[in-house]
Every structure is written in C-alpha cells, then in structure tokens.
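Residue numbers (UniProt numbering): 1 to 98. All C-beta atoms in this analysis are idealised placements derived from N, C-alpha and C, irrespective of residue type, glycine included. All remarks here apply to the structure that follows.
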Amino acid sequence: MSSSGQVKASHILIKHEGSRRKSSWRDPDGSRIFATTRDAAVGQLTSIRDDILVGKSRFEDVASRFSDCSSAKRGGDLGETLNPLCLFLEMECSVPRS
1 MSSSGQVKAS
11 HILIKHEGSR
21 RKSSWRDPDG
31 SRIFATTRDA
41 AVGQLTSIRD
51 DILVGKSRFE
61 DVASRFSDCS
71 SAKRGGDLGE
81 TLNPLCLFLE
91 MECSVPRS
C-alpha cells in the first residue's frame with residue numbers, strides 16, 4: 001500500500017463459455033471463449049499461477065499473453081484504487097460460486 005493509502009491491483013482474466021460477455025480484445029468473435037469450459041479456464045489460471053510462484057514466468061508477461069482483459073496491454077495492471085476493501089469486495093462478488 002502506498003503512503004496515500006492506495007493499492008496497486010493487477011489481474012489475469014480468462015473468459016469461458018459461462019462468461020457474461022463472450023468476446024475480448026484477443027478473441028473478438030468469441031470462438032475460443034465459447035469453446036473454453038469454466039474448468040479449463042480454472043486449470044489454465046492454476047497453471048499460470050504455479051508458473052509465476054516458482055519463478056518460471058513473470059506475471060506481467062503471462063498477463064500480456066493470456067488475459068482476456070484489455071489490461072493485458074499493461075501487463076494486467078488495473079491501476080491504483082483508493083480503497084483496497086472496495087476492490088476486494090468487487091472482485092470477490094464478481095467470482096461465480098459453484
């Protein structure tokens with residue numbers, strides 16, 4: 001957290017057949033997204049996370065390459081938020097529960 005109380009947030013988004021909006025900057029017609037199951041997206045994210053944690057990959061590099069969010073162009077960088085709790089709650093509420 002910075003001295004101003006802001007936190008920097010980054011993420012990697014992998015869309016799947018159950019995603020609300022089935023297109024992205026890297027898949028404009030949604031053909032890959034429609035063909036990706038939720039389990040496959042979770043598996044891909046788990047593999048990416050494991051590679052980052054062991055130092056095999058850098059977050060910014062895999063975000064730029066694999067994320068369906070337009071923040072991929074900035075290495076997954078979402079910028080800074082004034083209230084880290086609001087960001088957490090927003091992300092927590094956006095994750096579908098099985």
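Query, Result
"Between the CA atoms of Gly75 and Glu60 - distance to the nearest angstrom", "4 Å"
"Buried or exposed (CB count within 10 angstroms, at least 16 for buried), Ser67", "buried"
"Distance between beta carbons of Ser71 and His11, contact taken as under 8 Å", "7 Å"
"Buried versus exposed, by CB contacts within 10 Å (16 or more), Ser19", "buried"
"Buried versus exposed, by CB contacts within 10 Å (16 or more), Lys8", "exposed"
"Assigned secondary structure, Ser31 (DSSP; H/G/I helix, E/B strand, else coil)", "helix"
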